[in-house]
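Below is one structure, written out as C-alpha coordinates; the observations come after it.
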Amino acid sequence: FTEGGPIIMFQVENEYSAYGKNTDHLKLLVYLMKGHGVKELLVTSDHKFKDKYVENKALDFSKYALPTDNFDIKKSNSFSLIRKLNKHFPVMVMEFWTGWFDFWGQGKHSTPNIKELEKSLNFILDEGGSFNLYMFIGGTNFGFTSGANNFTGYQPLVTSYDYDAILSEAGDITAKYNLVRNKLLKFYKSIGVNDLPKVPPNTPKASYGNIEISEVMEWDVFLSLIPIGTTDNKVNFMETYRDHDGVYNVMGYIVYSHVIGGNTHWNKMPGVQLTGFARDRLTAVLNSEAFFVMDNIRKTVEEEHQFLHYNWDKAWQEVASKIEKKPKKPSQRLDLMVENLGRVNYSPMESALFDHQRKGLQGPVFRYIFDIIEEWNIRFINFSPEQCKILSRSSTWSSVEDHERKLKDRSDGEKLAPTLYRAYLNITGKPNDTFVKMEGWGKGVLIVNGFNLGRYWSMGPQKTLYLPGPILKSGRNEILVFEEVKRGKDVTFQNFPEL
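Numbered per the numbering used here, the sequence shown spans residues 11 to 509.
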(Lines of atoms letter the chains of each structure in order from A and count residues from 1; the text may use other names and numbers.)
(Lines give C-alpha, C1' and ligand atoms only; values in the text may rest on other atoms or scores of the structure.)
Protein backbone atom coordinates (compact mmCIF):
# COMPACT_ATOMS: atom_id res chain seq x y z
CA PHE A 1 0.00 0.00 0.00
CA THR A 2 2.82 2.39 0.83
CA GLU A 3 4.19 1.74 -2.67
CA GLY A 4 0.86 2.29 -4.42
CA GLY A 5 -0.35 -1.33 -4.30
CA PRO A 6 -3.45 -2.98 -2.75
CA ILE A 7 -1.84 -4.75 0.25
CA ILE A 8 -2.70 -3.00 3.53
CA MET A 9 -1.31 -5.53 6.03
CA PHE A 10 0.95 -8.59 6.25
CA GLN A 11 0.34 -11.66 8.41
CA VAL A 12 3.24 -13.12 10.38
CA GLU A 13 3.01 -16.95 10.44
CA ASN A 14 -0.33 -18.74 10.83
CA GLU A 15 -1.83 -20.00 14.10
CA TYR A 16 1.67 -20.30 15.52
CA SER A 17 0.21 -20.28 19.03
CA ALA A 18 -0.61 -23.96 18.49
CA TYR A 19 3.03 -24.90 17.97
CA GLY A 20 5.51 -22.92 20.04
CA LYS A 21 5.73 -21.05 23.33
CA ASN A 22 8.55 -18.67 22.44
CA THR A 23 8.50 -15.96 19.81
CA ASP A 24 12.05 -16.10 18.44
CA HIS A 25 10.81 -17.61 15.18
CA LEU A 26 8.16 -14.91 14.79
CA LYS A 27 10.62 -12.12 15.51
CA LEU A 28 12.98 -13.48 12.88
CA LEU A 29 10.15 -13.40 10.32
CA VAL A 30 9.42 -9.77 11.23
CA TYR A 31 13.10 -8.95 10.79
CA LEU A 32 13.12 -10.60 7.34
CA MET A 33 9.89 -8.94 6.22
CA LYS A 34 11.01 -5.47 7.23
CA GLY A 35 14.41 -6.14 5.72
CA HIS A 36 12.67 -6.72 2.39
CA GLY A 37 10.85 -3.40 2.54
CA VAL A 38 7.55 -4.20 4.26
CA LYS A 39 6.21 -1.06 5.96
CA GLU A 40 2.55 -2.02 6.31
CA LEU A 41 0.80 -3.17 9.47
CA LEU A 42 1.92 -6.61 10.67
CA VAL A 43 -0.69 -8.92 12.23
CA THR A 44 -0.92 -12.44 13.64
CA SER A 45 -3.62 -15.07 13.09
CA ASP A 46 -4.22 -17.05 16.28
CA HIS A 47 -6.98 -18.84 18.12
CA LYS A 48 -5.54 -19.91 21.45
CA PHE A 49 -6.03 -16.77 23.52
CA LYS A 50 -7.78 -18.78 26.22
CA ASP A 51 -4.47 -20.50 27.02
CA LYS A 52 -2.46 -18.69 29.66
CA TYR A 53 0.88 -19.13 27.95
CA VAL A 54 -0.49 -17.63 24.74
CA GLU A 55 -1.66 -14.56 26.59
CA ASN A 56 1.87 -14.13 27.94
CA LYS A 57 3.39 -14.79 24.52
CA ALA A 58 1.04 -12.33 22.86
CA LEU A 59 2.10 -9.72 25.39
CA ASP A 60 5.68 -10.34 24.32
CA PHE A 61 5.01 -10.33 20.57
CA SER A 62 2.37 -7.58 20.46
CA LYS A 63 5.21 -5.06 20.21
CA TYR A 64 5.94 -6.48 16.76
CA ALA A 65 2.52 -7.39 15.32
CA LEU A 66 -1.13 -6.74 16.11
CA PRO A 67 -2.69 -9.87 17.69
CA THR A 68 -5.91 -11.15 16.09
CA ASP A 69 -8.19 -14.12 16.74
CA ASN A 70 -9.80 -16.90 14.68
CA PHE A 71 -13.28 -18.27 15.42
CA ASP A 72 -16.67 -19.17 13.99
CA ILE A 73 -19.06 -18.23 16.79
CA LYS A 74 -18.56 -16.04 19.83
CA LYS A 75 -16.97 -18.52 22.19
CA SER A 76 -13.95 -16.81 23.72
CA ASN A 77 -12.92 -13.65 25.49
CA SER A 78 -10.16 -12.96 23.00
CA PHE A 79 -11.27 -9.40 22.25
CA SER A 80 -11.03 -8.44 25.92
CA LEU A 81 -7.62 -10.12 26.17
CA ILE A 82 -6.37 -8.19 23.14
CA ARG A 83 -7.60 -4.95 24.69
CA LYS A 84 -5.84 -5.84 27.92
CA LEU A 85 -2.59 -5.91 25.99
CA ASN A 86 -3.25 -2.40 24.76
CA LYS A 87 -6.54 -0.53 25.08
CA HIS A 88 -5.85 1.19 21.76
CA PHE A 89 -5.51 -2.06 19.80
CA PRO A 90 -8.25 -2.54 17.17
CA VAL A 91 -9.88 -5.98 17.41
CA MET A 92 -10.15 -8.28 14.42
CA VAL A 93 -11.12 -11.83 13.55
CA MET A 94 -8.45 -12.81 11.05
CA GLU A 95 -10.27 -16.07 10.22
CA PHE A 96 -14.01 -15.65 10.66
CA TRP A 97 -15.05 -19.22 9.87
CA THR A 98 -18.13 -19.16 7.64
CA GLY A 99 -18.40 -22.95 7.48
CA TRP A 100 -16.20 -26.02 7.75
CA PHE A 101 -14.51 -28.60 5.55
CA ASP A 102 -15.55 -32.21 4.90
CA PHE A 103 -13.54 -35.39 5.21
CA TRP A 104 -14.17 -38.75 3.57
CA GLY A 105 -16.63 -40.89 5.50
CA GLN A 106 -18.01 -38.19 7.80
CA GLY A 107 -21.63 -38.86 6.87
CA LYS A 108 -22.93 -35.58 5.48
CA HIS A 109 -21.73 -32.21 4.18
CA SER A 110 -20.83 -29.67 6.88
CA THR A 111 -23.46 -26.91 7.01
CA PRO A 112 -23.02 -24.86 10.19
CA ASN A 113 -26.09 -22.98 11.41
CA ILE A 114 -26.63 -19.67 9.61
CA LYS A 115 -28.19 -18.24 12.79
CA GLU A 116 -24.92 -18.80 14.64
CA LEU A 117 -23.05 -17.04 11.85
CA GLU A 118 -25.41 -14.08 12.19
CA LYS A 119 -24.95 -14.01 15.95
CA SER A 120 -21.17 -13.93 15.62
CA LEU A 121 -21.31 -11.26 12.93
CA ASN A 122 -23.47 -9.09 15.18
CA PHE A 123 -21.01 -9.57 18.02
CA ILE A 124 -18.00 -8.53 15.91
CA LEU A 125 -19.72 -5.43 14.51
CA ASP A 126 -21.14 -4.44 17.91
CA GLU A 127 -17.63 -4.65 19.34
CA GLY A 128 -16.35 -2.34 16.63
CA GLY A 129 -14.28 -5.18 15.23
CA SER A 130 -13.15 -6.11 11.74
CA PHE A 131 -13.23 -9.53 10.11
CA ASN A 132 -11.69 -11.51 7.28
CA LEU A 133 -13.96 -14.24 5.94
CA TYR A 134 -12.56 -17.77 5.91
CA MET A 135 -13.79 -18.78 3.48
CA PHE A 136 -15.32 -16.14 1.20
CA ILE A 137 -15.15 -18.82 -1.49
CA GLY A 138 -13.59 -22.18 -0.76
CA GLY A 139 -13.21 -23.58 -4.25
CA THR A 140 -11.79 -27.01 -5.05
CA ASN A 141 -8.83 -29.20 -4.06
CA PHE A 142 -8.15 -30.19 -7.65
CA GLY A 143 -5.92 -33.18 -8.31
CA PHE A 144 -4.20 -34.45 -5.19
CA THR A 145 -4.03 -31.11 -3.32
CA SER A 146 -6.47 -31.90 -0.50
CA GLY A 147 -5.11 -31.99 3.03
CA ALA A 148 -6.21 -33.81 6.18
CA ASN A 149 -6.96 -33.43 9.86
CA ASN A 150 -6.34 -35.71 12.81
CA PHE A 151 -8.69 -34.71 15.59
CA THR A 152 -10.08 -38.24 16.16
CA GLY A 153 -7.76 -40.29 14.00
CA TYR A 154 -6.69 -39.60 10.42
CA GLN A 155 -9.32 -37.64 8.42
CA PRO A 156 -8.44 -36.93 4.76
CA LEU A 157 -10.41 -34.07 3.22
CA VAL A 158 -12.66 -34.51 0.19
CA THR A 159 -11.93 -32.94 -3.19
CA SER A 160 -14.45 -30.13 -2.77
CA TYR A 161 -13.51 -27.23 -0.52
CA ASP A 162 -16.99 -25.72 -0.78
CA TYR A 163 -16.75 -25.16 3.00
CA ASP A 164 -20.39 -24.02 3.03
CA ALA A 165 -18.81 -20.61 2.43
CA ILE A 166 -20.78 -17.47 1.50
CA LEU A 167 -20.04 -18.21 -2.17
CA SER A 168 -20.41 -21.81 -3.33
CA GLU A 169 -17.63 -23.93 -4.81
CA ALA A 170 -18.75 -22.76 -8.26
CA GLY A 171 -18.93 -19.10 -7.16
CA ASP A 172 -22.72 -18.92 -6.77
CA ILE A 173 -24.58 -16.64 -4.37
CA THR A 174 -25.83 -18.28 -1.14
CA ALA A 175 -28.13 -17.32 1.72
CA LYS A 176 -25.03 -16.64 3.80
CA TYR A 177 -23.77 -14.20 1.18
CA ASN A 178 -27.03 -12.24 1.30
CA LEU A 179 -26.94 -12.26 5.10
CA VAL A 180 -23.42 -10.81 5.26
CA ARG A 181 -24.16 -8.29 2.51
CA ASN A 182 -27.31 -7.03 4.25
CA LYS A 183 -25.55 -6.78 7.61
CA LEU A 184 -22.74 -4.75 6.07
CA LEU A 185 -25.19 -2.50 4.21
CA LYS A 186 -27.02 -1.78 7.46
CA PHE A 187 -23.70 -1.01 9.13
CA TYR A 188 -22.54 1.20 6.24
CA LYS A 189 -25.75 3.25 6.30
CA SER A 190 -24.79 4.42 9.78
CA ILE A 191 -21.72 6.06 8.24
CA GLY A 192 -23.46 7.47 5.16
CA VAL A 193 -23.14 4.64 2.62
CA ASN A 194 -26.64 3.87 1.33
CA ASP A 195 -26.03 1.24 -1.33
CA LEU A 196 -23.65 -1.49 -2.49
CA PRO A 197 -22.75 -2.64 -6.02
CA LYS A 198 -25.33 -4.85 -7.69
CA VAL A 199 -24.84 -8.60 -7.15
CA PRO A 200 -23.83 -10.28 -10.45
CA PRO A 201 -25.86 -13.28 -11.66
CA ASN A 202 -24.69 -16.84 -11.14
CA THR A 203 -22.85 -18.46 -14.03
CA PRO A 204 -24.89 -20.88 -16.19
CA LYS A 205 -24.61 -24.59 -15.39
CA ALA A 206 -25.08 -27.41 -17.89
CA SER A 207 -26.59 -30.89 -17.67
CA TYR A 208 -24.88 -32.99 -20.34
CA GLY A 209 -26.49 -36.27 -19.28
CA ASN A 210 -24.92 -39.72 -19.10
CA ILE A 211 -22.03 -41.05 -21.18
CA GLU A 212 -21.00 -44.69 -21.35
CA ILE A 213 -17.50 -46.09 -21.00
CA SER A 214 -16.07 -47.03 -24.38
CA GLU A 215 -12.50 -48.24 -23.72
CA VAL A 216 -10.49 -49.93 -21.00
CA MET A 217 -6.82 -50.14 -20.04
CA GLU A 218 -6.15 -52.97 -17.59
CA TRP A 219 -3.62 -52.86 -14.77
CA ASP A 220 -0.67 -54.58 -16.45
CA VAL A 221 -0.94 -52.46 -19.57
CA PHE A 222 -1.50 -49.29 -17.56
CA LEU A 223 1.50 -49.91 -15.33
CA SER A 224 3.74 -50.67 -18.31
CA LEU A 225 3.10 -47.13 -19.59
CA ILE A 226 4.18 -45.56 -16.30
CA PRO A 227 7.98 -45.38 -16.50
CA ILE A 228 10.01 -46.85 -13.65
CA GLY A 229 11.03 -43.81 -11.64
CA THR A 230 13.74 -45.50 -9.61
CA THR A 231 14.83 -48.84 -8.14
CA ASP A 232 15.69 -49.78 -4.58
CA ASN A 233 16.64 -52.82 -2.50
CA LYS A 234 14.08 -51.79 0.10
CA VAL A 235 10.81 -49.89 0.16
CA ASN A 236 10.60 -46.43 1.64
CA PHE A 237 8.31 -43.43 1.76
CA MET A 238 7.69 -41.48 -1.46
CA GLU A 239 9.39 -38.38 -0.06
CA THR A 240 12.74 -40.17 -0.14
CA TYR A 241 12.74 -40.85 -3.89
CA ARG A 242 13.57 -38.80 -6.95
CA ASP A 243 12.74 -40.01 -10.43
CA HIS A 244 15.21 -40.10 -13.32
CA ASP A 245 14.61 -36.38 -13.90
CA GLY A 246 15.63 -35.60 -10.34
CA VAL A 247 12.08 -34.66 -9.34
CA TYR A 248 10.53 -35.64 -6.01
CA ASN A 249 7.05 -37.17 -6.40
CA VAL A 250 5.21 -36.52 -3.15
CA MET A 251 1.54 -36.61 -4.22
CA GLY A 252 -0.76 -39.20 -5.73
CA TYR A 253 0.27 -42.86 -5.79
CA ILE A 254 3.52 -44.77 -5.45
CA VAL A 255 3.78 -48.36 -6.73
CA TYR A 256 6.42 -50.83 -5.49
CA SER A 257 6.79 -53.86 -7.80
CA HIS A 258 8.75 -57.07 -7.18
CA VAL A 259 8.93 -60.27 -9.23
CA ILE A 260 8.78 -63.46 -7.16
CA GLY A 261 10.49 -66.42 -8.86
CA GLY A 262 8.49 -69.36 -10.14
CA ASN A 263 10.31 -71.88 -7.93
CA THR A 264 8.66 -70.50 -4.81
CA HIS A 265 6.68 -73.12 -2.86
CA TRP A 266 3.66 -71.05 -1.92
CA ASN A 267 2.12 -73.70 0.32
CA LYS A 268 5.30 -73.80 2.44
CA MET A 269 5.68 -70.06 2.54
CA PRO A 270 5.02 -68.44 5.95
CA GLY A 271 4.07 -65.30 4.07
CA VAL A 272 5.27 -61.99 2.82
CA GLN A 273 5.21 -59.73 5.85
CA LEU A 274 4.96 -55.95 5.99
CA THR A 275 6.90 -54.72 8.99
CA GLY A 276 6.43 -50.97 8.81
CA PHE A 277 3.65 -48.58 7.84
CA ALA A 278 1.45 -48.07 4.77
CA ARG A 279 0.16 -44.52 4.47
CA ASP A 280 -2.52 -43.84 3.58
CA ARG A 281 -4.25 -46.48 1.46
CA LEU A 282 -2.65 -49.72 0.32
CA THR A 283 -3.83 -51.84 -2.61
CA ALA A 284 -1.86 -55.07 -3.04
CA VAL A 285 -2.00 -56.68 -6.49
CA LEU A 286 -0.63 -60.10 -7.44
CA ASN A 287 -0.77 -61.01 -11.13
CA SER A 288 -3.43 -58.34 -11.79
CA GLU A 289 -5.63 -59.49 -8.91
CA ALA A 290 -6.18 -57.09 -6.03
CA PHE A 291 -6.09 -59.29 -2.94
CA PHE A 292 -5.73 -56.75 -0.15
CA VAL A 293 -6.98 -53.18 0.36
CA MET A 294 -6.79 -51.10 3.52
CA ASP A 295 -6.65 -47.47 4.56
CA ASN A 296 -5.93 -45.63 7.80
CA ILE A 297 -9.00 -43.39 7.90
CA ARG A 298 -9.99 -42.54 11.49
CA LYS A 299 -7.10 -44.63 12.83
CA THR A 300 -4.41 -43.42 15.18
CA VAL A 301 -0.76 -44.21 14.43
CA GLU A 302 -0.89 -47.22 16.76
CA GLU A 303 -4.17 -48.51 15.35
CA GLU A 304 -3.07 -48.32 11.70
CA HIS A 305 0.06 -50.39 12.43
CA GLN A 306 -1.87 -53.10 14.28
CA PHE A 307 -4.68 -53.20 11.70
CA LEU A 308 -2.28 -53.51 8.77
CA HIS A 309 -0.31 -56.44 10.12
CA TYR A 310 -3.21 -58.57 11.31
CA ASN A 311 -5.24 -58.19 8.12
CA TRP A 312 -2.28 -58.41 5.74
CA ASP A 313 -1.16 -61.80 7.08
CA LYS A 314 -4.65 -63.22 6.68
CA ALA A 315 -5.02 -61.92 3.10
CA TRP A 316 -1.59 -63.19 2.07
CA GLN A 317 -2.32 -66.70 3.29
CA GLU A 318 -5.50 -66.75 1.22
CA VAL A 319 -3.87 -65.56 -2.00
CA ALA A 320 -0.87 -67.87 -1.56
CA SER A 321 -3.21 -70.81 -1.11
CA LYS A 322 -5.04 -69.95 -4.35
CA ILE A 323 -1.80 -69.57 -6.31
CA GLU A 324 -0.53 -72.96 -5.14
CA LYS A 325 -3.58 -74.61 -6.70
CA LYS A 326 -3.03 -72.96 -10.09
CA PRO A 327 -0.61 -74.02 -12.84
CA LYS A 328 2.87 -72.69 -12.10
CA LYS A 329 3.96 -69.51 -13.86
CA PRO A 330 7.57 -68.53 -14.56
CA SER A 331 7.12 -65.73 -12.06
CA GLN A 332 4.56 -63.86 -10.00
CA ARG A 333 4.59 -60.05 -9.84
CA LEU A 334 3.64 -58.34 -6.61
CA ASP A 335 2.57 -54.68 -6.90
CA LEU A 336 2.02 -52.63 -3.76
CA MET A 337 0.20 -49.39 -4.64
CA VAL A 338 0.00 -46.81 -1.86
CA GLU A 339 -1.98 -43.59 -2.13
CA ASN A 340 -1.21 -40.37 -0.31
CA LEU A 341 -4.70 -39.22 0.70
CA GLY A 342 -3.48 -35.89 2.06
CA ARG A 343 -1.15 -34.58 4.72
CA VAL A 344 -2.33 -33.31 8.08
CA ASN A 345 -1.81 -29.55 8.08
CA TYR A 346 -2.74 -28.70 11.66
CA SER A 347 -1.77 -30.29 14.93
CA PRO A 348 -1.43 -28.93 18.47
CA MET A 349 1.99 -28.23 19.87
CA GLU A 350 1.94 -31.22 22.22
CA SER A 351 1.48 -33.75 19.38
CA ALA A 352 4.25 -35.48 17.43
CA LEU A 353 1.82 -36.06 14.57
CA PHE A 354 3.84 -34.13 11.99
CA ASP A 355 6.58 -36.71 12.45
CA HIS A 356 4.23 -39.30 10.90
CA GLN A 357 3.44 -37.45 7.67
CA ARG A 358 5.65 -39.47 5.32
CA LYS A 359 3.56 -41.27 2.71
CA GLY A 360 3.89 -44.66 1.05
CA LEU A 361 5.46 -47.83 2.47
CA GLN A 362 8.18 -48.03 5.02
CA GLY A 363 9.75 -51.47 5.15
CA PRO A 364 11.49 -53.70 5.05
CA VAL A 365 9.20 -56.30 3.49
CA PHE A 366 10.09 -59.84 4.56
CA ARG A 367 9.64 -63.19 2.80
CA TYR A 368 10.16 -66.43 4.71
CA ILE A 369 10.15 -64.22 7.83
CA PHE A 370 13.87 -63.40 7.82
CA ASP A 371 14.48 -63.12 4.07
CA ILE A 372 14.22 -59.45 3.04
CA ILE A 373 12.64 -58.90 -0.36
CA GLU A 374 14.95 -56.80 -2.48
CA GLU A 375 14.95 -55.50 -6.07
CA TRP A 376 11.92 -53.22 -6.15
CA ASN A 377 10.89 -51.21 -9.19
CA ILE A 378 9.24 -47.99 -8.07
CA ARG A 379 6.76 -45.96 -10.11
CA PHE A 380 4.90 -42.73 -9.42
CA ILE A 381 1.31 -42.24 -10.59
CA ASN A 382 0.50 -38.54 -10.44
CA PHE A 383 -1.65 -38.06 -13.57
CA SER A 384 0.38 -35.05 -14.60
CA PRO A 385 -0.43 -33.57 -18.04
CA GLU A 386 2.60 -35.42 -19.43
CA GLN A 387 1.52 -38.74 -17.90
CA CYS A 388 -2.05 -38.29 -19.12
CA LYS A 389 -0.79 -37.55 -22.62
CA ILE A 390 1.14 -40.84 -22.71
CA LEU A 391 -1.90 -42.79 -21.54
CA SER A 392 -4.26 -41.01 -23.90
CA ARG A 393 -2.12 -41.55 -27.01
CA SER A 394 -1.39 -45.22 -26.29
CA SER A 395 -2.60 -47.81 -28.79
CA THR A 396 -3.10 -50.39 -26.03
CA TRP A 397 -6.69 -49.53 -25.14
CA SER A 398 -9.15 -52.41 -25.42
CA SER A 399 -12.89 -52.44 -25.91
CA VAL A 400 -15.39 -52.70 -23.08
CA GLU A 401 -16.68 -55.94 -24.64
CA ASP A 402 -13.24 -57.60 -24.43
CA HIS A 403 -12.89 -56.42 -20.87
CA GLU A 404 -16.29 -57.83 -19.91
CA ARG A 405 -15.39 -61.22 -21.40
CA LYS A 406 -12.23 -61.35 -19.31
CA LEU A 407 -14.19 -60.51 -16.19
CA LYS A 408 -16.54 -63.43 -16.82
CA ASP A 409 -13.56 -65.79 -17.04
CA ARG A 410 -12.22 -64.75 -13.63
CA SER A 411 -12.63 -67.08 -10.69
CA ASP A 412 -15.16 -66.28 -8.00
CA GLY A 413 -13.69 -64.02 -5.37
CA GLU A 414 -11.00 -62.54 -7.61
CA LYS A 415 -10.98 -58.78 -7.31
CA LEU A 416 -10.19 -56.51 -10.20
CA ALA A 417 -6.93 -54.59 -9.96
CA PRO A 418 -7.08 -50.80 -10.44
CA THR A 419 -8.12 -50.06 -14.02
CA LEU A 420 -8.22 -47.03 -16.32
CA TYR A 421 -11.42 -46.37 -18.27
CA ARG A 422 -12.15 -43.91 -21.06
CA ALA A 423 -15.29 -42.20 -22.32
CA TYR A 424 -16.03 -39.20 -24.51
CA LEU A 425 -18.33 -36.25 -23.90
CA ASN A 426 -19.47 -34.35 -27.00
CA ILE A 427 -20.48 -30.71 -26.52
CA THR A 428 -22.09 -28.36 -29.03
CA GLY A 429 -21.43 -24.66 -28.52
CA LYS A 430 -19.68 -22.95 -25.63
CA PRO A 431 -19.17 -25.27 -22.62
CA ASN A 432 -20.58 -24.35 -19.22
CA ASP A 433 -19.76 -25.41 -15.69
CA THR A 434 -21.14 -28.81 -14.77
CA PHE A 435 -20.98 -31.37 -11.96
CA VAL A 436 -19.82 -34.94 -12.51
CA LYS A 437 -21.56 -37.73 -10.61
CA MET A 438 -19.82 -41.11 -10.32
CA GLU A 439 -22.80 -43.15 -9.18
CA GLY A 440 -22.12 -46.88 -9.20
CA TRP A 441 -18.35 -46.46 -9.07
CA GLY A 442 -16.16 -47.20 -6.05
CA LYS A 443 -13.13 -44.99 -5.58
CA GLY A 444 -10.70 -43.31 -7.88
CA VAL A 445 -9.63 -40.25 -9.83
CA LEU A 446 -11.36 -38.36 -12.66
CA ILE A 447 -9.35 -36.69 -15.43
CA VAL A 448 -10.95 -34.43 -18.05
CA ASN A 449 -8.94 -33.39 -21.13
CA GLY A 450 -5.73 -34.14 -19.25
CA PHE A 451 -6.77 -32.10 -16.18
CA ASN A 452 -6.95 -34.00 -12.88
CA LEU A 453 -10.26 -33.00 -11.28
CA GLY A 454 -9.54 -34.99 -8.13
CA ARG A 455 -10.80 -37.95 -6.14
CA TYR A 456 -14.27 -39.44 -5.96
CA TRP A 457 -15.24 -42.03 -3.35
CA SER A 458 -18.55 -43.78 -2.81
CA MET A 459 -18.24 -43.45 0.98
CA GLY A 460 -19.05 -39.74 0.59
CA PRO A 461 -20.21 -37.34 1.68
CA GLN A 462 -19.21 -35.71 -1.63
CA LYS A 463 -21.16 -37.20 -4.55
CA THR A 464 -20.27 -34.83 -7.42
CA LEU A 465 -17.06 -33.26 -8.69
CA TYR A 466 -17.14 -29.64 -9.85
CA LEU A 467 -16.05 -29.33 -13.48
CA PRO A 468 -15.43 -25.71 -14.56
CA GLY A 469 -16.51 -24.88 -18.10
CA PRO A 470 -13.05 -23.65 -19.24
CA ILE A 471 -11.66 -27.19 -18.81
CA LEU A 472 -14.14 -28.40 -21.41
CA LYS A 473 -14.19 -27.55 -25.11
CA SER A 474 -16.66 -27.54 -27.94
CA GLY A 475 -16.57 -30.93 -29.65
CA ARG A 476 -15.13 -34.14 -28.18
CA ASN A 477 -13.84 -34.18 -24.59
CA GLU A 478 -11.79 -37.08 -23.22
CA ILE A 479 -12.88 -38.45 -19.83
CA LEU A 480 -10.47 -40.80 -18.01
CA VAL A 481 -11.52 -42.70 -14.89
CA PHE A 482 -8.90 -44.41 -12.74
CA GLU A 483 -11.01 -46.82 -10.69
CA GLU A 484 -9.52 -48.78 -7.80
CA VAL A 485 -12.41 -50.88 -6.55
CA LYS A 486 -15.62 -51.19 -8.55
CA ARG A 487 -16.48 -50.19 -12.11
CA GLY A 488 -19.65 -48.27 -12.87
CA LYS A 489 -21.51 -48.26 -16.17
CA ASP A 490 -21.53 -44.59 -17.03
CA VAL A 491 -20.61 -41.06 -15.94
CA THR A 492 -23.25 -38.39 -15.32
CA PHE A 493 -22.93 -34.64 -15.94
CA GLN A 494 -25.60 -32.62 -14.11
CA ASN A 495 -26.26 -28.93 -13.45
CA PHE A 496 -26.24 -28.99 -9.64
CA PRO A 497 -23.83 -30.18 -6.94
CA GLU A 498 -24.37 -32.95 -4.42
CA LEU A 499 -22.00 -32.51 -1.53
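Backbone N, C-alpha and C define an ideal beta-carbon position, used for all residues, glycine too.
Cβ-Cβ separation, residue j to residue i (assumed contact under 8 Å), whole Å
| i | j | result |
| --- | --- | --- |
| L363 | N160 | 6 Å |
| I264 | M248 | 4 Å |
| A300 | K425 | 4 Å |
| N259 | N462 | Going by Cβ atoms, the distance from N259 to N462 rounds to 14 Å, so no, they are not a contact pair. |
| I223 | Y431 | 5 Å |
| I183 | N204 | Actually they do not touch by this definition, with Cβ atoms about 21 Å apart. |
| L318 | A288 | 6 Å |
| N220 | V491 | Actually they do not touch by this definition, with Cβ atoms about 14 Å apart. |
| D36 | F89 | The sequence shown places Leu at residue 36, not Asp. The Cβ separation is near 21 Å, so there is no contact. |
| S408 | T438 | In fact, because the Cβ distance is near 29 Å, the residues do not count as touching under 8 Å. |
Separation of residue j from residue i, as counted between CA atoms
| i | j | result |
| --- | --- | --- |
| V354 | E411 | 42 Å |
| G454 | L194 | 43 Å |
| N66 | T474 | 47 Å |
| Y74 | I134 | 24 Å |
| Q342 | G498 | 29 Å |
| T310 | Y164 | 7 Å |
| K399 | S405 | 12 Å |
| A68 | Q116 | 35 Å |
| F152 | L167 | 12 Å |
| K244 | V458 | 35 Å |
| E396 | K97 | 57 Å |
| E228 | G450 | 19 Å |
| N321 | T169 | 28 Å |
| V257 | K196 | 54 Å |
Neighbourhood of residue i by C-beta, 7 Å cutoff - its chain only, sequence neighbours within 5 removed
| i | result |
| --- | --- |
| G452 | S468, E493, E494, V495, K496 |
| I17 | F11, E50 |
Range of the contiguous alpha helix (DSSP H) that encloses residue i
| i | result |
| --- | --- |
| N188 | 185 to 199 |
| Q397 | 395 to 403 |
| I92 | 88 to 95 |
| G45 | 34 to 45 |
| F11 | Per DSSP, F11 belongs to no alpha helix (DSSP H) and is neither H nor E. |
| N132 | 124 to 136 |
Residue i CB to nearest heavy atom of the ligand ZN below 7 Å
| i | result |
| --- | --- |
| D70 | Summarising the ligand content, the structure contains no ligands, and the ligand ZN is consequently not present. |
Residues near residue i by beta carbon distance below 8 Å, same chain, minus five either side
| i | result |
| --- | --- |
| N24 | S55 |
| T240 | Y251, R252, D253, H254, I388 |
| N246 | G370, L371, Q372, G373 |
| N233 | Per the sequence presented here, residue 233 reads as Leu, with Asn not at that position. Excluding sequence neighbours, L233 sits near V265, S267, D345, R389. |
| I238 | N387, I388, R389 |
Residues bridged to residue i [DSSP beta-bridge criterion]
| i | result |
| --- | --- |
| I270 | Q342 |
| K390 | The amino acid occupying residue 390 in the given sequence is Phe; Lys does not appear at that position. F390 is bridged to I264. |
| V495 | V495 pairs with nothing; no bridge assigned. |
| K453 | W467 |
| Q283 | F376 |
6 Å Cβ shell around residue i - same chain, five flanking residues per side excluded
| i | result |
| --- | --- |
| P441 | G479, L482 |
| L39 | V22 |
| E314 | N306 |
| P507 | F445, T474 |
| M19 | E50, L51, V53 |
First through last residue of the beta strand (DSSP E) which encompasses residue i
| i | result |
| --- | --- |
| T467 | Inspection of the sequence shows that residue 467 is occupied by Trp rather than by Thr. Here the beta strand (DSSP E) through W467 covers 461 to 467. |
| V447 | One point to set straight first is that residue 447 is Lys, not Val, in the sequence displayed. From DSSP, the beta strand (DSSP E) with K447 extends over 444 to 447. |
| K519 | Because the chain is modelled from 11 through 509, residue 519 falls outside the range shown and cannot be assessed. |
| S140 | 140 to 144 |
| F302 | 299 to 305 |
| D230 | No beta strand (DSSP E) contains D230, which is instead part of the alpha helix (DSSP H) from 229 to 235. |
| D79 | 79 to 81 |
| Q116 | Looking at the DSSP string, Q116 is not in any beta strand (DSSP E), and its letter there is neither H nor E. |
| E105 | 102 to 107 |
| V53 | 51 to 53 |
| V375 | 375 to 377 |
| V22 | No beta strand (DSSP E) holds V22; DSSP gives it neither H nor E. |
Any C-beta of chain C under 8 Å from that of residue i
| i | result |
| --- | --- |
| K49 | In the structure shown, chain C cannot be found, because there is only a single protein chain. |
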